[in-house]
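Written below as structure tokens is the structure these notes are about.
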């Protein structure tokens, strides 16, 4: 479904960007999850309007997954979301760049279900990198800005959390 209203699609992407901009500033994991859930719903609409079905499916699935991960963090639920993502998206793939959405979704699913604190944010950082590259390729202005901001803000929060623990961030990377 490709609607001939690119300005509305970009407006939704920018709205998602504005809402998502505060997600990784949150030091509490539950607040992070709430921000990311709303962000995913808006981005799903944005990508659907751009005709980027693979990204839309991933974003909607990510929104549901993020919300569910706040309440159920079992391995079976995690694997259900990973299998669903691959099963729904693989048949829709039209270009190898779209695999980045699956990689990013898989990384963030693992992070939300199995990690907390700094490891959660580190894995989400890698997911953001996958999505920013895809979004630039797909022509998503709001999505590119959003994931770029996620990357920078999440990196800043990681440094802030490390400092709060009294350890320099690069001291643990050797």
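Residue numbers (UniProt numbering): 1 to 174. Beta carbons are placed, not taken as given, at the ideal position from N, Cα and C, and that holds for glycine.
query: Same chain only: Cβ atoms within 6 Å of residue 136, ignoring 5 sequence neighbours per side; result: 144
query: Assigned secondary structure, residue 166 (DSSP; H/G/I helix, E/B strand, else coil); result: coil
query: Cβ shell of residue 126 (< 6 Å), same chain only, five flanking positions each side left out; result: 107
query: For residue 92, the three-state DSSP class (helix, strand or coil); result: helix
query: Stretch pair the segment 56 to 63 + the segment 24 to 42: three plus CB contacts closer than 8 Å; result: yes
query: Length of the line joining the Cα atoms of residue 47 and residue 141; result: 11 Å
query: Unbroken alpha helix (DSSP H) run spanning residue 70, endpoints; result: It is not in any alpha helix (DSSP H) - residue 70 carries neither H nor E in the DSSP assignment.
query: Cutoff 7 Å; reference residue 92; Cβ partners in own chain excluding five residues on either side; result: 53, 54 and 57
query: C-beta contact flag for residue 19 and residue 42 at 8 Å; result: yes
query: Secondary structure, beta strand (DSSP E): runs of 3+ residues fully inside the segment 16 to 104; result: none
query: Option in 121, 162, 114 and 23 with minimal Cα separation from residue 77; result: 114
query: Nearest residue (CA-CA) to residue 155, options 133, 134, 128 and 166; result: 128
query: Buried or exposed by the 16-neighbour rule on C-beta atoms within 10 Å, applied to residue 75; result: exposed
query: Cβ-based neighbour list, residue 197, same chain, cut-off 7 Å, excluding 5 preceding and 5 following; result: The structure shown has nothing for residue 197, since the chain only spans 1 to 174.
query: Three-state secondary structure assigned by DSSP to residue 140; result: coil
query: Within 8 Å, strictly: CB atoms of residue 102 and residue 89; result: yes
query: DSSP three-state assignment for residue 115, whether helix, strand or coil; result: coil
query: Three-state secondary structure (DSSP) of residue 106; result: helix
query: Burial state of residue 163 (16 or more Cβ within 10 Å); result: exposed
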